[in-house]
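Have a look at the structure below before the remarks.
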Amino acid sequence: MNQEKIITFLTDFGTKDSYVGQMKGVVLSINPRAKIIDITHEIEPQDIREAAFVLKEYYPYFPEGTIHVAVVDPEVGGARRPVACMHNGHIFIGPDNGIFTLVLNDKAEIYHIQNRSFMLPHISNTFHGRDVFSPVAAHLSKGIPVASVGERIEGYTVLESCFPLIYTDVIYGEIVRFDRFGNAITNIDEKTLDGFVKDRGFKISLGKKEFKNIKKSYFEDEFSCLIGSSGYLEFGYYKGSFKDKIGIWKGDEVVIKTL
Numbered sequence: 030m031n032q033e034k035i036i037t038f039l040t041d042f043g044t045k046d047s048y049v050g051q052m053k054g055v056v057l058s059i060n061p062r063a064k065i066i067d068i069t070h071e072i073e074p075q076d077i078r079e080a081a082f083v084l085k086e087y088y089p090y091f092p093e094g095t096i097h098v099a100v101v102d103p104e105v106g107g108a109r110r111p112v113a114c115m116h117n118g119h120i121f122i123g124p125d126n127g128i129f130t131l132v133l134n135d136k137a138e139i140y141h142i143q144n145r146s147f148m149l150p151h152i153s154n155t156f157h158g159r160d161v162f163s164p165v166a167a168h169l170s171k172g173i174p175v176a177s178v179g180e181r182i183e184g185y186t187v188l189e190s191c192f193p194l195i196y197t198d199v200i201y202g203e204i205v206r207f208d209r210f211g212n213a214i215t216n217i218d219e220k221t222l223d224g225f226v227k228d229r230g231f232k233i234s235l236g237k238k239e240f241k242n243i244k245k246s247y248f249e250d251e252f253s254c255l256i257g258s259s260g261y262l263e264f265g266y267y268k269g270s271f272k273d274k275i276g277i278w279k280g281d282e283v284v285i286k287t288l
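So the mapping is simple: my numbering equals the position in the sequence shown, first residue as 1, plus 29.
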């Protein structure tokens, strides 16, 4: 059996400590032929929503059958369920805390991870990334059926803050994350924006900044409002950081009104 399965890692662990290395060691001890891809370990600590957007952004670019381990888990050791989910030909493993809001829907198969034989013998109350999620991913990469991890369950936790509020003549969104360049990315996707604006004039407000058109790229103006590569409305500052220049934060309100 070909066991060269791809496993991606997305966490808020950073690289200062050995946490990521421990997770990789667990996977390779179970399946030495697994291919591990680090997406990022620089999600802001405990920011589940940011992780949800990054997960949605990258996973479609991997082949079907890829296993995605996503761990931003402020309630580790608590009541939230560990889950393994199958959707769109991919497998998602992590805590049921809203991190999978943007990659699952009601067609997804969701399993509560309960089978101790797929976990490490000792399970820490504070590191399920190593003791639960990594070994489960490793076993699944060897061809174990997802249904073997535990009972199938209905529903999953949804973070409502991942979605803007849409009314007849106004949309209220938020800044949900900043990329490496300081571009400010919102929770308003291109389809939502296009359907709302249509052929009408509009005004987009973020703090004291206002925009009345959508640019195609960052170089077209000093301050730009555009649909970025993630498919979401974002704001940029040419050859600089919009975040630092304007002085904005995650959660700051973005308002779109028709004229």
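Cβ atoms here follow ideal geometry from the backbone N, Cα and C, with glycine treated the same way. Here the structure is a predicted model, which is why all the values come from computation and not from measurement.
Quiz item: Which of the three DSSP states, helix, strand or coil, is assigned to D67?
Solution: What you label residue 67 is simply residue 38 of the sequence shown in a count that begins at 1. Three-state result, D67: strand.
*asked:* According to DSSP, is I277 part of a helix, a strand, or is it coil?
replied: Residue 277 sits at position 248 when you count from the first residue of the sequence shown. In this structure, I277 counts as coil in the three-state DSSP scheme.
Can you say whether S258 is buried or exposed, counting buried as having 16 or more other CB atoms within 10 angstroms of its CB? In the sequence shown, counting from the first residue as 1, residue 258 sits at position 229. Flag for S258 reads exposed.
Ranges of the beta strand (DSSP E) found wholly within the region 192-230, counting only runs of at least 3
Fully contained in the region 192-230 are the following beta strand (DSSP E) runs of length 3 or more, in chain order: 199-207, 213-218.
_Contacting residues, own chain, Cβ-Cβ under 7 Å from I273 (five flanking each side not counted)_ = Locating residue 273 in the sequence shown gives position 244, where the first residue counts as 1. Inspection of the sequence shows that residue 273 is occupied by Asp rather than by Ile. In chain order, G211 place their CB closer than 7 Å to the CB of D273, counting only its own chain and leaving out the 5 sequence neighbours on each side.
Between the alpha carbons of G54 and K238, how many angstroms are there, rounded? Within the sequence shown, residue 54 is the residue found at index 25, counting from 1. Within the sequence shown, residue 238 is the residue found at index 209, counting from 1. Their backbone Cα atoms lie some 48 Å apart in a straight line.
| task | Within its chain, find whatever has a CB closer than 6 Å to the CB of K286; leave out the 5 residues flanking it on each side and keep chain order. | result | By 1-based counting over the sequence shown, the position of residue 286 is 257. The beta carbon of K286 lies closer than 6 Å to those of V199, K232 in the same chain, with the five residues before and after it left out.
>> For a test of the three-state rule: what should DSSP assign to I59, helix, strand or coil?
In response: Numbered from 1 along the sequence shown, position 30 holds the residue referred to as residue 59. In the three-state DSSP reduction, I59 falls in the helix class (H, G or I).
With distance defined between alpha-carbon atoms, name the residue in Y88, L57, I65, G43 nearest to P74. On the sequence shown, residue 74 is found 45 positions in, with the first residue counted as 1. Of the candidates Y88, L57, I65, G43, the one whose C-alpha sits nearest the C-alpha of P74 is G43.
Original post:
Apart from the five residues on each side of it in sequence, which residues of its chain come closer than 8 Å, Cβ to Cβ, to N134?
Top reply: As a first step, residue 134 is located in the sequence shown; it is residue number 105 there, counting from the start. Excluding sequence positions up to five before and after N134, its CB lies within less than 8 Å of the CB of H116, all in the same chain and listed in chain order.
Report task. Flag this pair as touching only if the region 141-148 and the region 77-91 have three or more C-beta atom pairs under 8 Å; answer yes or no. Result -> The answer is no - the region 77-91 does not touch the region 141-148, with fewer than three Cβ pairs under 8 Å.
Distance between R110 and I142 (C-alpha atoms, nearest Å)
For the purposes of this step, residue 142 is identified with residue 113 of the sequence shown, where counting begins at 1. For the purposes of this step, residue 110 is identified with residue 81 of the sequence shown, where counting begins at 1. One C-alpha to the other measures close to 8 Å.
*asked:* Tell me the DSSP secondary structure of V49 in three-state form.
replied: Taking the first residue of the sequence shown as 1, we reach residue 49 at position 20. In the structure shown, V49 sits in a helix (DSSP, three-state: H, G or I).
Handout entry: Contacts around Q51, its chain only, beta-carbon distance under 6 Å, and the 5 residues preceding and following it disregarded
Key = Residue numbering aside, residue 51 sits at position 22 when the sequence shown is read from its first letter. Excluding positions up to five away in sequence, the list reads R159.
- Short check: CB of A80 to CB of I120, under 7 Å? Locating residue 80 in the sequence shown gives position 51, counting from the first residue. Locating residue 120 in the sequence shown gives position 91, counting from the first residue. No, these two residues do not count as a Cβ contact at 7 Å.
### Query
What residues in its chain sit with their C-beta under 6 Å from that of M30, if we drop five residues either side in the sequence?
Against the sequence shown, residue 30 aligns to sequence position 1. Unreliable positioning characterises M30 in this predicted model, as indicated by a pLDDT of 48, which lies under 50. The coordinate reading is nonetheless provided below. So the qualifying residues of the chain are G172.
Exercise. Compare the Cα-Cα distances from A166 to each of S47, K45, N60, K279 and report the closest residue.
Key: For this step, residue 166 is matched to residue 137 along the sequence shown. In terms of Cα proximity to A166, the closest of S47, K45, N60, K279 is N60.
- request: Tell me where the beta strand (DSSP E) around F38 begins and ends.
  value: The residue you call residue 38 lines up with position 9 of the sequence shown. 35-40 is the span of the beta strand (DSSP E), which, as asked, contains F38.
- Message: Could you compute how far the alpha carbon of Y185 sits from the alpha carbon of G269?
- Response: Sequence index remark: in the sequence shown, residue 185 carries index 156 (1-based). Sequence index remark: in the sequence shown, residue 269 carries index 240 (1-based). Approximately 39 Å, taken between the alpha carbons.
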